[in-house]
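Every number in the numbering used here is 78 more than the matching position in the sequence shown, counting from 1. Have a look at the structure below before the remarks.
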Amino acid sequence: MELVPADLSPSERYKLLIGCIVPRPIAFVSTVSVDGRPNLAPFSFFNGVGSDPMTVVFCPANRPDGGEKDTLRNCKPTAEGGTGVFVVNAAVEAYARQMAGAAEPLAWGDSEFELVGLTPAPSVCVKAPRVAESPVCFECETVHIYRTNAGVAGGGNAVFGRVVHVYVRDDLLDGRMRVDPDLLAAIGRMGEQSYARTRDRFELPRGQLGLDPGKPT
79 MELVPADLSP
89 SERYKLLIGC
99 IVPRPIAFVS
109 TVSVDGRPNL
119 APFSFFNGVG
129 SDPMTVVFCP
139 ANRPDGGEKD
149 TLRNCKPTAE
159 GGTGVFVVNA
169 AVEAYARQMA
179 GAAEPLAWGD
189 SEFELVGLTP
199 APSVCVKAPR
209 VAESPVCFEC
219 ETVHIYRTNA
229 GVAGGGNAVF
239 GRVVHVYVRD
249 DLLDGRMRVD
259 PDLLAAIGRM
269 GEQSYARTRD
279 RFELPRGQLG
289 LDPGKPT
């Protein structure tokens, strides 16, 4: 089937994106408003950008009315009225229900931390709190926001953040800075209301070595 995005409804385009781009890593983002109110929400359009400097990107879509979600309002640069910082917490099996529950649209200033029963903890370098239960936290300063269609429902916002501090639970790392994926137990987003575990894996060399059928997978 050949499809032209312009011929599809926004809902149909969204379903294609979330159904085909899978599994997606989840940024469980904590922010704080300029008057000190904490916010917590999951975003599955998320990834790393580069390691020098260490940079990540997550993409909160506009609200159905075209307005900005609280997370975006909070993490905007200070020149735009935000605090200019955010924390990416890990999305893991241990609190998957709480992570999904934090997507509940609350009134401005109401706390998802309180709604889902997770604990805000002070960060080391940024004003935004991190999730105390999270095994990994990236404290970030917002460096750029790219808006695909400001003020329109379905428009996206790519928030680029420079990681200024990292917390990793001690037991996750070995002596070579490698993370144990079984202990991390991260989850990924699929289409609709589906999620994926990361415990079923296989190893495959990159490049020409990966083409050798004799190599175990």
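We put the CB at the ideal spot given by N, CA and C, even for glycine.
Should G162 go down as buried or exposed, given a rule of 16 or more other Cβ atoms within 10 Å for buried? buried
With DSSP run on the structure shown, which of helix, strand or coil describes R247? coil
For S212, count the other beta carbons within 10 Å of its own beta carbon; 16 or more makes it buried, fewer makes it exposed. Which is it? buried
Going residue by residue through the stretch 191-247, where are the continuous beta strand (DSSP E) segments of at least 3 residues, counting only ones entirely within it? 214-225 and 235-246
Excluding the five sequence neighbours on either side, which residues of its own chain have a C-beta within less than 8 angstroms of the C-beta of T149, listed in chain order? V107, T109, N117, A119, F121, P138 and F164
Hey, could you find the ends of the alpha helix (DSSP H) A174 is sitting in? A174 to G179
Taking all protein chains shown into account, do 16 or more other C-beta atoms lie within 10 angstroms of the C-beta of V167, making it buried, or fewer, making it exposed? The sequence as given places Asn at residue 167; Val does not occur at that position. When all chains shown are included, N167 counts as buried.
What distance in whole Å lies between the Cβ atoms of G159 and G229, which are believed to be in contact at a cut-off of 8 angstroms? Not quite, the Cβ-Cβ distance comes to about 16 angstroms (not below 8 angstroms), so this is no contact.
Alpha helix (DSSP H) containing G126: first to last residue? G126 -> not in any alpha helix (DSSP H); beta strand (DSSP E) instead, spanning F124 to S129.
Assuming I265 is part of the beta strand (DSSP E), what are its boundary residues? I265 to R267
How far does the alpha helix (DSSP H) with P259 in it reach, from first residue to last? P259 to L262
For I96, which residues from the same chain have a beta carbon less than 6 angstroms from its beta carbon, with the 5 sequence-adjacent residues on both sides left out? G269
With a threshold of 16 other CB atoms inside 10 Å of the CB of G288, please say whether the residue is buried or exposed. exposed
Check whether the stretch 124-142 touches the stretch 189-205, counting contact only when three or more Cβ pairs, one atom from each stretch, lie closer than 8 angstroms. no
DSSP three-state assignment for L184, whether helix, strand or coil: coil
Express the C-alpha separation of G285 and G292 in angstroms, rounding to a whole number. 15 angstroms
From D188 to A174, what does the alpha carbon distance come to, in whole angstroms? 21 angstroms
Smallest Cα separation from K147: which of V241, P207 and A236? A236
Rank G179, R240 and A172 by C-alpha distance to the C-alpha of H222 and give the top, closest one. R240
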